[in-house]
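J.: There's a structure below that I have some questions on.
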Amino acid sequence: MAELRSSDLAEPGIVRRRRGRSFAYAYADRRPVEEQRTLKRIKDLALPPA
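Residue numbers for the sequence shown, in our numbering: 6 to 55.
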């Protein structure tokens, strides 16, 4: 079963930027998201392109 997480909307989140045919993810301070667990969680969300 999926794990639900609450987010604090007052805190900065993760930014998605187009990189070629895919996307790159970075924190609000521009550090790239490199943790595999976080990247898998983002991928599992299956967000459509903006």
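Glycine is no exception: its CB is placed at the ideal position from the N, C-alpha and C atoms.
Leaving out five residues before and five after LEU44 in sequence, what residues of the same chain have Cβ atoms less than 8 Å from its Cβ?
T.: Here the question's residue 44 lines up with position 39 in the sequence shown. Cβ within range, chain order: TYR30, VAL38.
J.: Just verifying my parser: in three-state terms, what is the DSSP assignment at ARG46?
T.: The residue given as residue 46 occupies position 41 in the sequence shown. In this structure, ARG46 counts as helix in the three-state DSSP scheme.
J.: Hey, how far is the Cα of ARG10 from the Cα of ASP49?
T.: Taking the first residue of the sequence shown as position 1, residue 10 is located at position 5. Taking the first residue of the sequence shown as position 1, residue 49 is located at position 44. When rounded, the distance between both Cα atoms is 13 Å.
J.: Pull up the DSSP beta-bridge partners for VAL20, would you.
T.: Locating residue 20 in the sequence shown gives position 15, where the first residue counts as 1. Answer is ALA31, bridged to VAL20.
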